[in-house]
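Below is one structure; the comments refer to it alone.
Residue numbers (the UniProt record's numbering): 1 to 395.
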């Protein structure tokens, strides 16, 4: 397998949906142009494009990249729910690692509706998460909240009952991530809230309040993924960040056995374990992490899935300050999905962009000290879990 590097990243500001413009082609153009400029290359250097999105039609990837040029390259359209952007990155890495290309674009975007995610776009078709929905209803009596909230509520209540985790510990995740986002000019929200303000904000689905939930968002992000030969030919060694471990996993037969697994904890655990093995690294080697905090509950669960602590100890980890500046890891320096925003198809590649800036020392006021290894975690219900480990290339 060949070594794989990211040499350019770009993203738009994530914004509240509902505005007629810019539409997704313009958002994609901005993100890809920034990534190409970062890498110092042009669009004709791109040999293939992998494009992740959820709420757009079948050839939206072509519509997006045609803004940059119509060069006849293969364009792969990918929908893996909220892990669509990371799935595009996974495909791009495979092409490079397998020697099938030297330079691939991974692009993600979303143009969303306001409010909670609703019914499927094609109601006549089977709902791809219907079995998970039924499982959630068996774990907890439905409250009438949007189904995604019901699923994470079930997982949060199970964690509280098993391990004594508190509503305050979940709220501390949101306090941290909103505080981090104040230093991120690309974040949808940049306001800082006290723990008391988060706990007293509108209750949307007990124990979650509004400020503990990621918003719907418009936005785009992109990465240029290349081979070692490409890095050398274009003299990009000073900015090349290597993907040293990556895994994409889906569900096993036990996916409906636990409220934790219906929200992807099982796929996350397996993806993390495989990515660590491939990178020959462990949680103790990671400096900075971008993880899928669609709700504050999921950040606590993901601490455990990634091996940052033992099962049941996620609440204690946030209490100890281990996941912010001055702690053992800086988790979600961007503000995470809760505060940076969550345009579904762009999220995984926005994580890639943030970690590349962190490892290159370009994150400004968000910079994690002496960051050399970063980990991204992205999950899509139904399910797909993607964990990617990045390392700063040796000088």
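The beta carbon of each residue, even a glycine, is placed where N, CA and C say it ideally should be.
Practice task
Look up residue 390 in the DSSP assignment and give the residues it is bridged to.
Solution key: Here residue 390 refers to the residue found at position 390 of the chain shown. When DSSP reads this structure, residue 390 sits in a beta bridge with 243 and 374.
Exercise for the section: With a floor of 3 residues, list each beta strand (DSSP E) that falls wholly inside the region 25 to 71, ordered by position along the chain. Expected result: 48 to 52
Handout entry: First through last residue of the beta strand (DSSP E) which encompasses residue 219
Key = On the chain shown, position 219 is the one that residue 219 refers to. That run of the beta strand (DSSP E) goes 219 to 227.
Problem - Collapsed DSSP secondary structure at residue 306 in the structure displayed - result: As a first step, residue 306 is located in the chain shown; it is residue number 306 there, counting from the start. Residue 306: coil per DSSP, three-state reduction.
Problem - Assigned exposure category for residue 194 - 16 Cβ within 10 Å defines buried - result: Taking the first residue of the chain shown as position 1, residue 194 is located at position 194. Answer is exposed; the Cβ neighbour count stays below 16.
Problem - Length of the line joining the Cα atoms of residue 66 and residue 357 - result: In the chain shown, residue 66 corresponds to position 66, counting from 1. In the chain shown, residue 357 corresponds to position 357, counting from 1. The alpha-carbon atoms of residue 66 and residue 357 are separated by roughly 27 Å.
Exercise for the section: Quick one: using the 10 Å Cβ neighbour count with 16 as the cut-off for buried, is residue 206 buried or exposed? Expected result: Taking the chain shown and counting its residues from 1, the one referred to as residue 206 is at position 206. Around the Cβ of residue 206, a 10 Å sphere holds fewer than 16 other Cβ atoms; the residue is exposed.
Handout entry: Boundaries of the beta strand (DSSP E) in which residue 105 is found, first to last residue
Key = Indexing the chain shown from 1 puts residue 105 at position 105. Start and end: 103 to 110.
Exercise for the section: Please go through the same chain and pick out, in chain order, the residues whose beta-carbon is closer than 7 Å to the beta-carbon of residue 226, but skip the five residues on each side of it. Expected result: Looking up residue 226 in the chain shown gives position 226. Counting only Cβ-Cβ distances below 7 Å, and skipping sequence neighbours, we find 5, 7, 96, 102 and 103.
Handout entry: Beta-carbon proximity list for residue 239, same chain, < 7 Å, skipping 5 on both sides
Key = Here residue 239 refers to the residue found at position 239 of the chain shown. Cβ within range, chain order: 7 and 360.
Exercise for the section: Starting from residue 295, follow its DSSP beta bridges and name the residues at the other end. Expected result: If you number the chain shown from 1, residue 295 lands on position 295. DSSP output for residue 295 lists 213 as bridge partner(s).
Practice task
State the start and end residues of the unbroken alpha helix (DSSP H) segment that holds residue 262.
Solution key: As a working note, residue 262 is residue 262 in the chain shown. Segment 259 to 262, the alpha helix (DSSP H) holding residue 262.
Exercise for the section: Could you pull out every residue in the same chain whose Cβ sits closer than 8 Å to the Cβ of residue 113, ignoring the five residues on either side in sequence? Expected result: Here residue 113 refers to the residue found at position 113 when the chain shown is read from its first residue. Result list for residue 113: 17, 18, 55 and 216, in chain order.
Handout entry: residue 375 beta carbon less than 9 Å from that of residue 275
Key = Looking up residue 275 in the chain shown gives position 275. Looking up residue 375 in the chain shown gives position 375. Going by C-beta atoms, residue 275 is nearer than 9 Å to residue 375.
Exercise for the section: Can you give me the Cβ contacts of residue 282 inside the same chain, cut-off strictly under 6 Å, excluding the 5 residues immediately before and after it? Expected result: Stepping through the chain shown from its first residue, residue 282 is reached at position 282. Answer for residue 282: 276, listed in chain order.
Practice task
Count the other C-beta atoms from every protein chain shown that fall within 10 angstroms of the C-beta of residue 209, then say buried if there are 16 or more, exposed otherwise.
Solution key: Walking along the chain shown from the start, residue 209 turns up at place 209. Counting of Cβ neighbours within 10 angstroms places residue 209 among the buried residues, the total reaching 16 or more.
Handout entry: For residue 148 and residue 125, the rounded distance between their alpha carbons
Key = As a first step, residue 125 must be located in the chain shown, where it is residue number 125. As a first step, residue 148 must be located in the chain shown, where it is residue number 148. So the alpha carbons of these two residues sit roughly 19 Å apart.
Practice task
Indicate the three-state DSSP secondary structure (helix, strand or coil) for residue 342 in the structure shown.
Solution key: As a working note, residue 342 is residue 342 in the chain shown. If DSSP states are grouped into helix, strand and coil, residue 342 belongs with the strands.
Practice task
Drop a sphere of 10 angstroms on the beta-carbon of residue 343, count the other beta-carbons inside from all chains shown, and report buried for 16 or more, exposed for fewer.
Solution key: Within the chain shown, residue 343 is the residue found at index 343, counting from 1. Buried, because 16 or more other Cβ atoms sit within 10 Å of the Cβ of residue 343.
Handout entry: Opening and closing residue of the alpha helix (DSSP H) in which residue 197 lies
Key = As a first step, residue 197 must be located in the chain shown, where it is residue number 197. Note, residue 197: alpha helix (DSSP H), 195 to 200.
Problem - Limits of the alpha helix (DSSP H) - the one that residue 352 falls within - result: As a first step, residue 352 is located in the chain shown; it is residue number 352 there, counting from the start. Residues 347 to 359.
Practice task
Measure how close the beta-carbons of residue 139 and residue 156 come, nearest whole angstrom, since I'm counting them as under 8 Å.
Solution key: Taking the chain shown and counting its residues from 1, one reaches residue 139 at position 139. Taking the chain shown and counting its residues from 1, one reaches residue 156 at position 156. Taking C-beta atoms under 8 Å as the contact rule, residue 139 and residue 156 fail to qualify, at a distance of about 11 Å.
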